[in-house]
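These protein sequence lines are chains A and B, in that order.
Reminder that position 9 of the first sequence reads as 10 in my numbering, one-by-one numbering, no gaps.
Reminder that position 483 of the second sequence reads as 484 in my numbering, one-by-one numbering, no gaps.
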Amino acid sequence: MAEGEVSALGTRKRFIAGKEILFDKEGFFLDARDWSEEAATVLSREMGIDVLSEKQWRLIRFLRDYYANNGKAPLSSEIKAGLGWTLMELESLFPGGIRLGARLLAGLPNPQSCTQ
Amino acid sequence: MKKVIMKVNGISHQFIVEPDRILLDLLREDLRLTGAKQSCDRKGQCGACMVIVNGKTTLSCLTKVASLDGAEVITVEGLGTPANPHLIQEAFVLSGAVQCGFCIPGMIMATKGLLDKNLNPTTEEIKKALRGNLCRCTGYVKIIDAVNLAARFLRGETTPDQVRPDPSKGVIGVSLPRPSGMIKACGVAQFGADIYPQGALELAVVRSPHAHALIKSIDTSAAEKMPGVVGVMTAKDIKGNNRGGEIFIICDKKVHLVGDTVAVVAAETRKQALEAVKAVRVEYEPLPVIKTIEESLAEGAIQIHEDVPNLKFTHPQIKGDAEAALKNSHAVVEATFSTSMIHQAPLEPEVSVAYMEGEGEDAKLVVLGRGINIHALAKVLQDSLGWENVRYEEPFVGGQFGMKTGFTTEGIAGAAALHFRRPVRYVCSLEESMQISSKRHPHVHKVRLGANEQGKITAYTTNFDVEGGAYSLGGQVYILRSLQMLSGPYDIPNVKAFARLYKTNNASGGAARGAGPPQSNYALESAVDLMARKLGMDPWEFRYKNTLEVGGTMSTGEVAEEWPAKDVLEALKPHYDRAVKEAASLKTGKLRRGVGIAGAAFGIGAPNPKDQATVAVELHPDGGLTVYGGAADPGEGTDSMLTQIASHVTGIDISKIRLVTRDTDRATPCGSASASRITYMVGGALVLAVEKMKEAMEEAKAYTYEALVAAGKPTKYLATKHADTTPMDPKTGQGIFYEVRVLGCQMAEVEVNTETGEVRIVHMTAVEDIGTVINPTNVEGQMQGGLDMGVGMALREEYIHGVTKDWRTFKFPTMKTSFPMTVITLQTPRKKAPLGAIGVGEFVLLPTSAAVMNAIHDATGVRIYDLPAKPERVLAALGKNKN
Chain A
2 MAEGEVSALG TRKRFIAGKE ILFDKEGFFL DARDWSEEAA TVLSREMGID
52 VLSEKQWRLI RFLRDYYANN GKAPLSSEIK AGLGWTLMEL ESLFPGGIRL
102 GARLLAGLPN PQSCTQ
Chain B
2 MKKVIMKVNG ISHQFIVEPD RILLDLLRED LRLTGAKQSC DRKGQCGACM
52 VIVNGKTTLS CLTKVASLDG AEVITVEGLG TPANPHLIQE AFVLSGAVQC
102 GFCIPGMIMA TKGLLDKNLN PTTEEIKKAL RGNLCRCTGY VKIIDAVNLA
152 ARFLRGETTP DQVRPDPSKG VIGVSLPRPS GMIKACGVAQ FGADIYPQGA
202 LELAVVRSPH AHALIKSIDT SAAEKMPGVV GVMTAKDIKG NNRGGEIFII
252 CDKKVHLVGD TVAVVAAETR KQALEAVKAV RVEYEPLPVI KTIEESLAEG
302 AIQIHEDVPN LKFTHPQIKG DAEAALKNSH AVVEATFSTS MIHQAPLEPE
352 VSVAYMEGEG EDAKLVVLGR GINIHALAKV LQDSLGWENV RYEEPFVGGQ
402 FGMKTGFTTE GIAGAAALHF RRPVRYVCSL EESMQISSKR HPHVHKVRLG
452 ANEQGKITAY TTNFDVEGGA YSLGGQVYIL RSLQMLSGPY DIPNVKAFAR
502 LYKTNNASGG AARGAGPPQS NYALESAVDL MARKLGMDPW EFRYKNTLEV
552 GGTMSTGEVA EEWPAKDVLE ALKPHYDRAV KEAASLKTGK LRRGVGIAGA
602 AFGIGAPNPK DQATVAVELH PDGGLTVYGG AADPGEGTDS MLTQIASHVT
652 GIDISKIRLV TRDTDRATPC GSASASRITY MVGGALVLAV EKMKEAMEEA
702 KAYTYEALVA AGKPTKYLAT KHADTTPMDP KTGQGIFYEV RVLGCQMAEV
752 EVNTETGEVR IVHMTAVEDI GTVINPTNVE GQMQGGLDMG VGMALREEYI
802 HGVTKDWRTF KFPTMKTSFP MTVITLQTPR KKAPLGAIGV GEFVLLPTSA
852 AVMNAIHDAT GVRIYDLPAK PERVLAALGK NKN
């Protein structure tokens, strides 16, 4: 598959920060190990965020840590409990909210599914 | 009303009941006994509800309570408990007869009824006594074994302790009873319909009578006023995107097949909900119904879904130059093969339960579903219902065979729990379950196979069309799987394929054991057999000559690294020679004997790239270990695999290995319990997690829970198994898709009645190389059940939407259709696999249909191209069709 080409299941291959990365049809990383701060920065610009703020990085790092310890993304109630922020604060922090914004930039994959 | 006094399991009860009260409902709803099960819509077709009344086996679904005054009723709970089981229950567990376990209480009661009268039954007597009890998992072989073992126990010839595996033999390659076996055998394992949250409403659904229509209006006012009705939901009451893939939880503007959900009624009882369904008035505007590929793809055809074209998906595969190779071939066979739409037929009807936990914005929606990919289904619920805080739980699941990768009742139950803020139960009838669930996709393959003068295959082409139905659940995934395994075990230098997935207003296509390759392998292996005949070669010799060697390439361009295809053929050879010799003298007359073989190579793992599974292990103060991993177990034996591997790699006694696999809050994501991937991916992640724990122990020189804590080390370790696979190239169908494969072959011996067209399976022999075997009985059980299912696909099974409504019209396999079989397992350890072990649950389906069809050809000299080979098709092929 070539750069930018989309496979039958919607997988897209991109080169970001010198690395070949596969994304699913929603734009999530297929493999959390492909993530880097540089990749997050590139993707955040595509989301319309010029520079990620310290608060945004804090949420991204929280998500990465949670994923490393639990193998999955936290529910919003767990993020609230972990960071002490309100749901409204969390949802408004990124253009796509928690899931399509923070979780996507943090490189947390969607659960694997056979029935795309 | 009538007063009835009767004993149930030795306890006297007084019931005051309506004249039509059914014993099964009384046992389940009034006494909350969960052993007797409902499967066949109370038609007496399945035996899952069997109990003993006054010493006689009785179908509780056909028995009115009013007729039971003074009766003594025994249910499976009355025989024994997990702590003190009956010898029959012990026999079923020790024989490996318990897979999903849904049919087992009924089987055990039928066995009790038989053995109470006859302690020395013959196989025929066992088959007769249990002829009304259906099982989809086992092919009945281990059920018969269990009855025989129970008889031996009861005759005093042996004891469970003498049969139980010797603990000193270790835990790998040992048939330890599966951990969930005994609670299933005692009827106390909770399946979805056995769960009654306090104050739960019962749901019933208004379903479309039209295959394709616009919804003009819905009037729920009359239904809302009916007794017990709490409310009626329509699509406007769902806050999320209301979709699970293409499926609408509740249709808003349009219905796309008969049985689509239009409205949901919630009432205090199921009877009230069902009554209210009849009072919902829906005005439809019928639209043209698309039934065939020609109608679907015709210019100007109505598009079934606004956002999905009728030709949903196409994909090629190209290796070498197949057209040129065919042109230069010594011989070419050309044929068209078709397979039918098939219901996967798990015995348990569709069911989900849902409730809210907590309050406010942090309230959690808890859905006890029937799906086998709990984390992915939780995400579907989040998106479709617009509620982020979701926990998905898997109760015990009564079989699935691919069907429960999809999304059905959980969406409706979850939506209703959110809307009504009350616990809800949605328990489908069998007919409804058949309407709403996905089916095995029908395929039509137009193939050409070429060979040279030396009998070597030169090229293979196939154009195949796959009916996706109204809502295709991953149809493109199953096309990719067909392409990924297209060349089977063979060395085919040139391949050209083109697949199309099209939509109709028929039942939805979806995963079904093997999911694509059983259909495409049927076409390949039938063509291979035709070529052997054309060349005048023995079918075994032709296959042996054409198997791929290590270092050769598949149709995908992947290089074969471990490829014991010749080994499995060699293991089959003595059986094949014997069968051919026996059949040789039976080629004339009314009953003709034939022998057919077929092979397959099956890739293990999800077809999408970067498959992964995560498992955590946690050490406890008592020296025990908990394994966390969301790996569903609808009957395959995941619990055996995880506990046996965990015990082996840690040295912890298996009794101290605990599993947390069934809820998304506690278990780590492992992906779908499909694609035969659980042993390889989840077992692999488990081994990695234990290795991490051991590394930490070595580093700290701390080998117990206390020592780890004292050393400041964690007691819980998590690891992820990644498969290093790629997406499929959209232009060539090339890529890297699987790290390991099962290789195998099967032989069918059939007897064809040339006057009636009926085909009897005389014997099936299956050889498979699946690497290290962890639990031989479980492997054998998967193979036996799969062979039975494969023969059903070959000879009987065909789902026709709206016509196939129950087990009888589906032609569910029975004791009567069961047959003798031999399973031979080779164990070439796979280098990348945990302890060398991979999965086997789906491979078994790939060769069976072709083996049976090849045997019919051998017996009669005529070929059946369209599955199933019903008697009328056999007669037509013989030129005896009266029509």
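Ideal Cβ positions, reconstructed from N, Cα and C, are used throughout, including at glycine.
Item to complete: Would you list, in chain order, the members of the region 296-326 of chain B that have their beta-carbon closer than 8 Å to a beta-carbon of chain A?
Response: 314, 316
Discussion item. When you compare the CB positions of residue 116(B) and residue 177(B), do they come within less than 8 Å of one another, or not?
Written reply: no
Fill in: Supposed contact pair residue 273(B) and residue 229(B) - C-beta distance, whole angstroms, cut 8 Å
3 Å
Worksheet item: Whose CA, out of 54(B), 710(B), 97(B), lies closest to the CA of residue 111(B)?
Response: 54(B)
Item to complete: Since I believe residue 394(B) is in contact with residue 306(B) (beta carbons under 8 Å), could you give me their beta-carbon distance rounded to a whole number of angstroms?
Response: Not quite, the Cβ-Cβ distance comes to about 31 Å (not below 8 Å), so this is no contact.
Worksheet item: If you scan the region 133-166 of chain B from start to end, which runs of the alpha helix (DSSP H) of 4 or more residues do you find wholly inside it?
Response: 142-156, 161-164
Worksheet item: Quick one: complete alpha helix (DSSP H) runs, 4+ long, within the region 554-632 of chain B?
Response: 566-585
Discussion item. Cutting at 7 Å between CB atoms, please list the residues of its own chain near residue 352(B), excluding the five before and the five after it.
Written reply: 193, 194, 371, 410, 427, 428, 429
Discussion item. Looking at residue 646(B): is its Cβ nearer than 8 Å to the Cβ of residue 687(B)?
Written reply: yes
Practice prompt. Look at the alpha carbon of residue 415(B) and the alpha carbon of residue 356(B), and state the distance between them as a whole number of angstroms.
Written response: 8 Å
Worksheet entry | Neighbouring residues, chain A, relative to residue 723(B) (Cβ below 8 Å) | 32, 34
Discussion item. Please state whether the Cβ-Cβ distance between residue 188(B) and residue 78(B) is less than 8 Å.
Written reply: yes
Worksheet item: With 8 Å set as the bound, which would you pick, yes or no: does the beta-carbon of residue 376(B) sit closer than that to a beta-carbon of chain A?
Response: yes
Fill in: DSSP-derived helix/strand/coil call for residue 746(B)
strand
Worksheet item: So, are the CB atoms of residue 245(B) and residue 398(B) less than 8 Å apart?
Response: no
Worksheet item: What is the DSSP secondary structure of residue 353(B), reduced to helix, strand or coil?
Response: strand
Fill in: Neighbouring residues, chain A, relative to residue 415(B) (Cβ below 8 Å)
Here the premise fails: no neighbours, minimum Cβ distance about 15 Å.
Discussion item. I need the boundaries of the alpha helix (DSSP H) containing residue 694(B), first residue and last residue.
Written reply: 684-701
Practice prompt. Look up residue 522(B) in the DSSP assignment and say whether it is helix, strand or coil.
Written response: helix
Worksheet item: Does the Cβ-Cβ distance between residue 326(B) and residue 460(B) come in under 8 Å?
Response: yes
Discussion item. I'd like the list of long-range same chain contacts for residue 314(B), defined as Cβ closer than 7 Å, with 5 residues on each side in sequence excluded.
Written reply: 476, 477, 480, 502
Worksheet entry | Cβ-Cβ separation, residue 788(B) to residue 765(B) (assumed contact under 8 Å), whole Å | 5 Å
Worksheet item: Roughly how many angstroms lie between the CA atoms of residue 558(B) and residue 348(B), to the nearest whole one?
Response: 40 Å
Worksheet entry | Within the region 19-69 of chain B, ranges of the beta strand (DSSP E) (whole runs, at least 3 residues) | 51-54, 57-60
Worksheet entry | Spatial neighbours of residue 378(B) in its chain, beta-carbon cut-off 7 Å, leaving aside the 5 residues before and after | 370, 372, 393, 408, 411
Worksheet item: Between the C-alpha atoms of residue 643(B) and residue 660(B), what's the straight-line distance to the nearest angstrom?
Response: 8 Å
Item to complete: Please look up how many angstroms separate the CB atoms of residue 375(B) and residue 633(B), rounded, as I've assumed it's under 8 Å.
Response: 7 Å
Item to complete: Mind the definition here: the region 790-801 of chain B touches the region 336-346 of chain B only if three or more C-beta pairs lie below 8 Å; say whether that holds.
Response: yes
Worksheet item: Taking Cβ-Cβ distances shorter than 8 Å, what residues in chain A pair up with residue 635(B)?
Response: Per Cβ cutoff of 8 Å: no residues; residue 635(B) is ~15 Å from chain A at best.
Worksheet item: residue 613(B) to residue 110(A), Cα distance in whole Å?
Response: 10 Å
Practice prompt. Kindly list, in the order they appear in chain B, the residues whose Cβ is closer than 9 Å to that of residue 77(A).
Written response: 362, 363, 389, 390
Discussion item. Relative to the C-alpha of residue 844(B), which candidate in 148(B), 770(B), 573(B), 869(B) has its C-alpha closest?
Written reply: 770(B)
Discussion item. Please return the same chain residues whose Cβ sits closer than 6 Å to the Cβ of residue 287(B), not counting the five positions on each side in sequence.
Written reply: 211, 214
Discussion item. Whether or not the region 574-589 of chain B and the region 486-499 of chain B are in contact is what I'm after, with contact meaning three or more pairs of Cβ atoms, one per stretch, closer than 8 Å; do they touch?
Written reply: no
Item to complete: In the DSSP assignment, find the alpha helix (DSSP H) that holds residue 479(B) and state where it starts and stops.
Response: 476-485
Worksheet item: Using CA coordinates, which residue listed in 425(B), 17(B), 450(B) is at the minimum distance from residue 201(B)?
Response: 425(B)
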